[in-house]
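**Student:**
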Amino acid sequence: MANQRIAIEPVFHALGDPTRRAVVQRLARGTATVGELAAPFDMALPSFLKHITVLETSGVIRTRKVGRVRTCELRPAALSAAERWMAQQRSMWEARTDRLAAYAETLLRQEQSRDE
């Protein structure tokens, strides 16, 4: 079963860079060529292609090459796997903080009842 899951570590690594996050945001609007994706960034194309490689290796995007044009598209499944993990973590921590708040309220009520 673990082999069938999408590894989220590479997804978080890919999303850890602002350039790659900007690429993902752009691809959320639809497919784009590498040239279109690279245009807003002040870097050499070989450097930008390293970002594309990280995104593709992580499973966040898929590329296909037709002739000399490489087109990129978003693969939402990788992002969904990371989102599910974050939702599980959020749920766990919210439950913990709720229990802590309830405990603090109990202590406060006990203290107030002693003061009366």
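Under my numbering, the first residue of the sequence shown carries the number 844, and numbering increases by one thereafter.
Yeah, the Cβ is synthetic: ideal placement off N, Cα and C, and Gly gets one too.
#1: Taking buried to mean at least 16 other C-beta atoms within 10 Å of its own C-beta, is LEU943 buried or exposed?
#2: Please tell me whether GLN877 and LEU898 are closer than 8 angstroms, where the distance is taken between their beta carbons.
#3: Touching or not, the stretch 875 to 892 and the stretch 943 to 953, by the rule of three or more beta carbon pairs under 8 angstroms?
#4: Out of GLU852, ASP860, VAL903, point me to the one whose CA is closest to LEU870's CA.
#5: Taking the CB atoms as reference points, tell me whether ARG863 and HIS894 lie closer together than 8 angstroms.
#6: Taking the continuous beta strand (DSSP E) assigned at THR906, which residues delimit it?
#7: DSSP beta-bridge partners for THR914?
#8: Quick one, are the C-beta atoms of CYS915 and ALA857 less than 8 angstroms apart?
#9: For the alpha helix (DSSP H) that ASP941 lies in, which residues bound it at each end?
**Tutor:** With the structure as the only source:
#1: Taking the sequence shown and counting its residues from 1, one reaches residue 943 at position 100. In this structure LEU943 is exposed. Its beta-carbon is surrounded by fewer than 16 other beta-carbon atoms within 10 angstroms.
#2: In the sequence shown, the residue the question calls residue 877 occupies position 34. In the sequence shown, the residue the question calls residue 898 occupies position 55. The question names Gln, yet the displayed sequence has Val at residue 877. Pairing VAL877 with LEU898 gives a Cβ-Cβ distance that is not under 8 angstroms.
#3: no
#4: Here residue 870 is taken as the residue at index 27 of the sequence shown, counted from 1. Comparing Cα-Cα distances from LEU870 to each of GLU852, ASP860, VAL903, the minimum goes to VAL903.
#5: The count along the sequence shown starts at 1 and reaches residue 863 at position 20. The count along the sequence shown starts at 1 and reaches residue 894 at position 51. Yes, the Cβ-Cβ distance between ARG863 and HIS894 is below 8 angstroms.
#6: Here residue 906 refers to the residue found at position 63 of the sequence shown. Note, THR906: beta strand (DSSP E), 904 to 909.
#7: Within the sequence shown, numbered from 1, the residue matching residue 914 stands at position 71. Assignment of beta-bridge partners to THR914 by DSSP yields THR876, ARG907.
#8: Along the sequence shown, one-based indexing puts residue 915 at 72. Along the sequence shown, one-based indexing puts residue 857 at 14. For CYS915 and ALA857, no; Cβs fall outside 8 angstroms.
#9: Numbered from 1 along the sequence shown, position 98 holds the residue referred to as residue 941. Residues 919 to 958.
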